[in-house]
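Residue numbering for the sequence shown follows the working numbering, beginning at 384 and increasing consecutively.
Quick notes on the structure that follows.
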Amino acid sequence: MDSLTIRRPDDWHLHLRDGEMLRLVAPASRHFGRAIVMPNLVPPVVTGDDARAYRDRVIAAGFAKPLMTLYLTEGTDPDDVVRAHADGVIHAVKLYPAGATTNSASGVRDMGRVRPVLAAMEAAGVPLCLHGEVTAAEVDIFDREAAFLDRVLTPLRAAHPGLKLTLEHVTTSDAVDWVRAHPGVGATITVQHLMANRNDMLAGGMRPHFYCLPILKRDTHQAVLRRAATSGEAQFFLGTDSAPHPTHAKEASCCAAGCFTAPHALPLLAHVFEAEGALDRMEAFASLNGPAHYGLPANDDTITLTKGEPLDFPERIEGHGQSVTLFDPGHPVHWHVTEPA
Ligand code: NCD
Ligand code: ZN
384 MDSLTIRRPD DWHLHLRDGE MLRLVAPASR HFGRAIVMPN LVPPVVTGDD
434 ARAYRDRVIA AGFAKPLMTL YLTEGTDPDD VVRAHADGVI HAVKLYPAGA
484 TTNSASGVRD MGRVRPVLAA MEAAGVPLCL HGEVTAAEVD IFDREAAFLD
534 RVLTPLRAAH PGLKLTLEHV TTSDAVDWVR AHPGVGATIT VQHLMANRND
584 MLAGGMRPHF YCLPILKRDT HQAVLRRAAT SGEAQFFLGT DSAPHPTHAK
634 EASCCAAGCF TAPHALPLLA HVFEAEGALD RMEAFASLNG PAHYGLPAND
684 DTITLTKGEP LDFPERIEGH GQSVTLFDPG HPVHWHVTEP A
């Protein structure tokens with residue numbers, strides 16, 4: 384198969400940032416229909432009014448169909464969340480454990496303090512998206528996702544069985560197993576976690592553009608993620624977690640976490656699905672399972688990917704005074720989005 388036409392994909396986890404960076408990166412996601420836009424700005428998007436204003440800036444920057452999220456804090460007002468959801472301003476709420484990742488300092492330290500808002504969301508049908516890592520200093524960075532399942536997610540699920548949950552950017556077989564054991568829970572998977580493992584990041588030199596959170600795991604976890612994504616199973620769908628940082632912040636003695644994949648995410652994904660002999664299941668992962676999880680229709684229109692010459696993507700994109708380096712898997716990728724151009 385050297386051509387694939389699928390319903391237009393959506394990106395169920397995307398960082399668009401704000402200001403000049405937003406203007407630079409928003410057009411890079413143009414092949415996606417909708418995108419869940421992450422709220423970890425500085426300062427974060429915490430109220431319905433914040434989300435409404437940010438949505439307007441995103442649309443003005445060129446991304447037409449953003450699905451907005453609120454950043455859950457220990458001070459979040461349950462009524463504001465429910466109202467913003469009922470008004471169609473927000474699609475979901477995002478839980479960041481405080482300190483887990485980029486701009487998460489305002490996140491949740493004590494889950495007990497957000498019980499009232501979680502109960503209100505459960506009653507009103509507001510989805511919760513989770514960054515699934517514990518932050519305890521004594522937990523090894525490679526074990527933080529697995530620890531989150533036991534310490535936070537299992538009790539949360541038991542306390543709020545009706546709360547719609549999406550475990551974001553799963554990176555371990557532990558998380559894949561947990562999701563399969565909990566029907567109705569969704570899980571996003573990024574392109575970089577399908578394409579790479581920690582050897583790609585660390586063996587033969589440290590590659591900052593492979594550094595993201597949750598951190599890349601060993602190859603056995605990568606293999607489980609690839610099987611889950613290409614299986615067609617309804618609980619797994621694409622969330623690129625494309626997370627642009629200025630090139631100088633990535634190529635630094637303390638490198639920022641995040642991989643920028645928006646411009647070439649779909650060609651990279653097609654490469655993975657072809658390698659797994661599963662091109663016929665890419666549509667489920669990229670275009671069908673996400674909307675079904677959220678109770679939305681799939682997009683009406685289609686895109687076509689075509690196999691040909693090696694994809695010639697730029698090392699970085701520049702503009703608006705910004706420079707962002709693309710994630711480069713380090714080998715040729717032969718897929719192109721050919722239609723619509
Ligand atoms: C994200 C970012 O830069 O905002 N970074 C990342 O490594 N994925 C935050 C996140 O989703 O964890
Ligand atoms: Zn993210």
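Glycine included, each C-beta is placed from N, C-alpha and C at the ideal position.
- Ranked by Cα distance from S556, the options E528, A488 and P544 are led by E528.
- Taking T430 as the centre and dropping the five residues before and after it, the same chain places the C-beta of D463 closer than 6 angstroms to its C-beta, in chain order.
- When distances are taken from the beta-carbon of C595 to the heavy atoms of ligand 1, the shortest one is below 6 angstroms.
- Straight across, the Cα-Cα distance linking R498 with D433 is about 22 angstroms.
- With 16 or more other Cβ atoms from the protein chains shown falling within 10 Å of its own Cβ, T452 counts as buried.
- If you check the CB distance, R534 and V517 come in under 7 angstroms.
- The nearest non-hydrogen atom of ligand 1 is 6 angstroms or more from the C-beta of A418.
- The beta carbons of V716 and I686 sit no closer together than 7 angstroms.
- Excluding the 5 residues flanking it on each side, A617 has same chain C-beta neighbours closer than 8 angstroms at A667, N672, A675 and H676, in chain order.
- Sorting A483, L651, T485 and G458 by C-alpha distance to the C-alpha of Q575 places L651 at the top.
- For G641 against H398, the beta-carbon gap comes to about 7 angstroms, under 8 angstroms, which counts as contact.
- Under the criterion of beta carbons closer than 8 angstroms, S386 and T689 qualify as touching, at roughly 5 angstroms.
- Sixteen is the threshold: when 16 or more other Cβ atoms of the shown chains lie within 10 Å of the Cβ of A475, as they do, the residue is buried.
- A contact is defined here as three or more CB-CB pairs under 8 angstroms, and the stretch 543 to 550 fails this definition with respect to the stretch 597 to 617.
- When DSSP states are grouped into helix, strand and coil, Q705 belongs to the strand group.
- Burial is judged here by how many other beta carbons sit within 10 angstroms of a residue's own beta carbon; R406 has at least 16 and is buried.
- Beta-bridge pairing by DSSP links G495 to no other residue.
- The Cβ-Cβ distance between P629 and F643 does not fall below 7 angstroms.
- Secondary structure at I442: helix, using DSSP grouped into helix, strand and coil.
- Leaving aside the five residues that flank R400 on each side, the residues in its chain whose CB is nearer than 8 angstroms to its CB run, in chain order, V408, L424 and P627.
- In the DSSP assignment, H719 forms a beta bridge with T689.
- Contact check for R496 and E521: beta-carbon distance about 22 angstroms, past the 8 angstroms limit, so the pair fails to qualify.
- One Cα belongs to A507, the other to V465, and the distance between them is close to 7 angstroms.
- Secondary structure at S625: strand, using DSSP grouped into helix, strand and coil.
- Counting along the chain, A418 sits inside the beta strand (DSSP E) bounded by residues A418 to V420.
- In the DSSP assignment, T613 forms no beta bridge with any residue.
- Each residue's CA atom was taken as its position, placing V420 and M384 some 33 angstroms apart.
- Every residue whose Cβ sits closer than 6 angstroms to any heavy atom of ligand 2 is listed here in chain order: H396, H398, M421, D624 and A626.
- Distance from K448 to R417 at the Cβ level is roughly 4 angstroms; contact confirmed, criterion being Cβ atoms closer than 8 angstroms.
- At a cut-off of 3 residues, the continuous stretches assigned as beta strand (DSSP E) that sit fully inside the stretch 531 to 589 are 548 to 550 and 569 to 572.
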